[in-house]
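Chains as they are written, first to last, in my numbering: chain L, 2 to 333; chain C, 270 to 771. To keep things clear, I will list the structure first and then write my remarks on it.
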């Protein structure tokens with residue numbers, strides 16, 4: 002019995018344990034891995050991806066999905082950049098654009114991407130188009146809109162007050178590095194989602210829809226409204242993440258966010274969001290995103306060829322999901 | 270050849286936290302119908318799943334056809350000659366009868382080196398099988414065009430086709446009408462005459478006594494004993510199943526119906542084959558039974574009142590005022606609750622906890638500042654309900670899918686009681702539930718009526734309908750065929766109303 006428990010524990014947490022060993026190995030053999038700089042570097046990379054994964058999570062928990070995530074991140078980033086360039090930048094997208102307060106731009110961006118999320122939700126709940134196809138179509142539409150809008154121009158020359166959101170932070174005595182605003186924002190968004198999922202009707206309704214949509218409707222849950230909220234909030238999160246990513250890299254192009262939806266879905270699944278609906282937690286999603294990001298960083302430190310990095314990432318997704326599903330099937 | 274086709278010896282099986290089977294024995298003679306009885310959670314299904322290779326038993330041995338066998342999966346069981354007709358069937362609706370029966374083992378022929386499906390043989394074999402189960406159907410017909418009982422016959426044909434020596438039938442009559450039950454019994458009898466043994470699981474005493482040769486009884490995961498069916502009576506079986514005497518099958522009626530609270534006027538479905546021009550009243554503190562055969566559109570009517578189905582005409586007058594119910598939420602807000610017929614499809618949230626399953630319909634009542642759910646308050650109501658309904662669960666955090674059917678049903682009744690409704694519509698509230706739990710549910714219904722709540726109860730079990738109702742509305746072919754006062758109700762007058770328009 003005891004050995005079985007240990008075996009189960011090992012199998013259920015295999016990915017995390019393996020990663021832990023990998024992190025230890027890389028940390029011991031490579032200089033600079035166990036450093037504040039690297040820690041905060043990873044945190045900065047994780048932050049926007051965590052926000053995207055949280056957006057996707059609601060759609061996954063309700064047995065849906067959202068393939069338009071990456072392209073909406075791209076649209077959010079590009080839109081932010083076009084509106085927040087320096088006045089003296091020679092290749093300014095709107096040469097005569099006055100300086101708009103950042104918060105107004107952010108609101109505009111999330112309103113727009115939220116609107117696209119709302120459209121996803123509308124098509125899914127009123128026209129009963131499967132989420133996979135709805136959001137696949139939306140992915141293409143949004144990319145097209147982004148191309149029309151930006152003309153595929155690479156955008157740079159961002160205002161300093163904008164880029165500072167990602168680069169600046171709070172100084173805490175005793176820690177040499179700044180606590181970046183980016184990290185603080187991600188923590189706040191994470192707490193918001195934890196609250197939403199655990200303490201509100203919306204959260205309970207979401208899990209109920211994922212568990213059994215018909216029963217949810219019979220129990221008085223307005224499933225249409227709940228799904229509209231979920232997809233709209235997802236859209237808002239993508240726009241927000243795009244806004245942050247562009248600030249972080251100091252620019253954007255139409256290809257910003259390419260493939261991020263798949264990464265986010267993979268991270269959620271690694272973090273225990275069930276593909277059959279009704280299950281998933283915010284801490285789990287955070288672990289999923291971390292696993293992915295740490296793996297990438299480890300491989301970079303080990304100077305593994307990027308082509309091979311893709312192969313390893315793909316394998317990790319499949320193994321993680323296989324192990325996760327084993328948890329549910331083994332109980333029979 | 271030994272005396273038994275199947276011997277299961279000292280079978281034990283534990284799940285985390287419960288011992289589901291404890292040293293259980295079961296001996297089946299060849300060419301007999303053997304009923305397996307016990308309350309829900311007694312371990313019947315678990316025992317059968319061990320036999321069929323779905324579960325792995327912890328201890329014990331199985332001797333089948335004189336050999337000590339170790340069955341590890343369902344294909345294994347089928348190849349040895351054990352087949353199972355599941356309680357919940359899972360047919361592939363868009364494929365033909367033939368394909369459903371031979372799925373996974375299509376007859377093939379060779380064209381040169383290539384093996385392809387032999388369609389001629391597939392259909393002719395299927396036709397032969399269908400004849401065996403008295404089904405006059407083209408084997409190319411899609412499953413979706415069959416009725417529930419016809420689909421079940423197909424399932425049985427499938428079991429027979431595998432040359433089964435032993436067929437397990439888990440609650441085969443739970444969704445059949447009386448005529449269809451007779452048809453099923455004909456099939457069972459002809460199987461028995463051909464030397465096939467049948468393990469028959471059911472809660473319906475009359476059926477068991479009619480069809481079976483021997484009866485084995487289980488209680489709380491243990492084996493109580495085996496008796497020839499001839500020596501048993503309903504009362505004896507109940508006594509052995511619950512381990513005590515059940516003197517009254519229904520609680521004493523002490524509710525007193527008052528004024529009319531709900532008037533249903535001229536309800537007609539959007540589907541011309543469904544209910545038409547239905548009108549009735551419901552009084553405060555009344556238990557209104559709804560009788561009729563399966564297919565009388567009782568469920569459809571209630572679901573339409575509750576806002577799940579569409580209507581072309583109909584008014585709901587509630588406490589003197591006309592109300593519009595467009596979706597379940599509208600009804601719930603007014604204090605109307607519906608316990609649906611199909612627990613799995615529209616009742617439980619399998620992966621969610623017992624607590625979440627209870628709380629989902631009444632979250633509005635536990636809000637701090639209109640937003641934050643007060644989990645402590647909710648937990649209190651949940652544990653009150655678990656206690657009041659005597660729900661057997663390791664904790665309120667347990668996933669509901671791991672509970673037995675009867676306990677799941679109690680959880681869902683608890684869900685509606687948590688909402689404190691004035692009108693409770695119960696659609697087959699005791700279907701697939703054991704005797705003890707049935708009595709508990711009857712008591713709850715009676716208590717609610719005494720508190721002045723109004724109950725509408727659809728039931729296909731005559732004794733239940735007659736024993737519980739103050740008044741019975743009988744439906745036939747989508748229309749109301751009449752009302753019977755509770756004390757005047759008999760099986761005969763209900764039955765004649767239920768077949769009035771046929």
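Backbone N, C-alpha and C define an ideal beta-carbon position, used for all residues, glycine too. Keep in mind the model is a prediction, meaning the values are calculated, not measured.
Selected residue, minimal CA-CA separation from residue i, among the options
| i | options | result |
| --- | --- | --- |
| residue 487(C) | 304(C), 532(C) and 672(C) | 304(C) |
| residue 74(L) | 282(L), 241(L), 149(L) and 33(L) | 241(L) |
| residue 463(C) | 455(C), 469(C) and 470(C) | 455(C) |
| residue 470(C) | 317(C), 519(C) and 341(C) | 317(C) |
| residue 222(L) | 615(C), 314(C) and 282(C) | 615(C) |
| residue 69(L) | 277(L), 196(L), 94(L) and 147(L) | 147(L) |
| residue 336(C) | 327(C), 373(C) and 275(C) | 275(C) |
| residue 755(C) | 555(C), 722(C), 568(C) and 711(C) | 555(C) |
| residue 282(L) | 22(L), 59(L) and 42(L) | 59(L) |
| residue 466(C) | 578(C), 588(C), 483(C) and 757(C) | 483(C) |
| residue 447(C) | 505(C), 519(C), 729(C) and 629(C) | 729(C) |
| residue 52(L) | 93(L), 264(L) and 226(L) | 264(L) |
8 angstroms Cβ cutoff met for residue i and residue j
| i | j | result |
| --- | --- | --- |
| residue 692(C) | residue 551(C) | yes |
| residue 297(C) | residue 324(C) | no |
| residue 747(C) | residue 702(C) | no |
| residue 45(L) | residue 159(L) | no |
| residue 775(C) | residue 425(C) | Not covered by the structure: residue 775(C). The range shown for chain C is 270 to 771. |
| residue 229(L) | residue 126(L) | yes |
| residue 573(C) | residue 549(C) | no |
| residue 7(L) | residue 317(L) | no |
| residue 696(C) | residue 580(C) | no |
| residue 106(L) | residue 84(L) | yes |
| residue 123(L) | residue 231(L) | no |
Simplified DSSP assignment, three categories, for residue i
| i | result |
| --- | --- |
| residue 523(C) | coil |
| residue 740(C) | strand |
| residue 211(L) | helix |
| residue 345(C) | helix |
| residue 608(C) | strand |
| residue 308(C) | coil |
| residue 67(L) | coil |
| residue 596(C) | coil |
| residue 275(L) | coil |
| residue 224(L) | helix |
| residue 399(C) | helix |
| residue 340(C) | coil |
| residue 301(L) | helix |
| residue 385(C) | strand |
| residue 132(L) | helix |
| residue 87(L) | coil |
| residue 758(C) | coil |
| residue 238(L) | helix |
| residue 303(C) | strand |
| residue 115(L) | helix |
| residue 52(L) | helix |
| residue 333(L) | Any answer about residue 333(L) is weak, because its pLDDT of 43 lies below 50 and its placement is not dependable; what the coordinates show is given next. Residue 333(L): coil per DSSP, three-state reduction. |
| residue 764(C) | helix |
| residue 683(C) | helix |
8 angstroms contact criterion, which residue i and residue j should meet: CB distance rounded
| i | j | result |
| --- | --- | --- |
| residue 244(L) | residue 78(L) | 7 angstroms |
| residue 71(L) | residue 262(L) | 4 angstroms |
| residue 346(C) | residue 371(C) | That pair is no contact at about 18 angstroms. |
| residue 642(C) | residue 172(L) | Going by Cβ atoms, the distance from residue 642(C) to residue 172(L) rounds to 38 angstroms, so no, they are not a contact pair. |
| residue 666(C) | residue 622(C) | 5 angstroms |
Beta-ladder partner(s) of residue i, from DSSP
| i | result |
| --- | --- |
| residue 82(L) | For residue 82(L), which the question treats as bridged, DSSP gives no partner whatsoever. |
| residue 294(C) | For residue 294(C), which the question treats as bridged, DSSP gives no partner whatsoever. |
| residue 354(C) | 438(C) |
| residue 285(L) | Beta-bridge pairing links residue 285(L) to no other residue. |
| residue 636(C) | 642(C) |
| residue 550(C) | 532(C) |
| residue 749(C) | 744(C) |
| residue 497(C) | 483(C) |
| residue 715(C) | DSSP lists no partner for residue 715(C). |
Distance cut-off 7 angstroms: residue i Cβ against heavy atoms of the ligand FMN
| i | result |
| --- | --- |
| residue 113(L) | No copy of the ligand FMN occurs in the structure displayed, which carries no ligand at all. |
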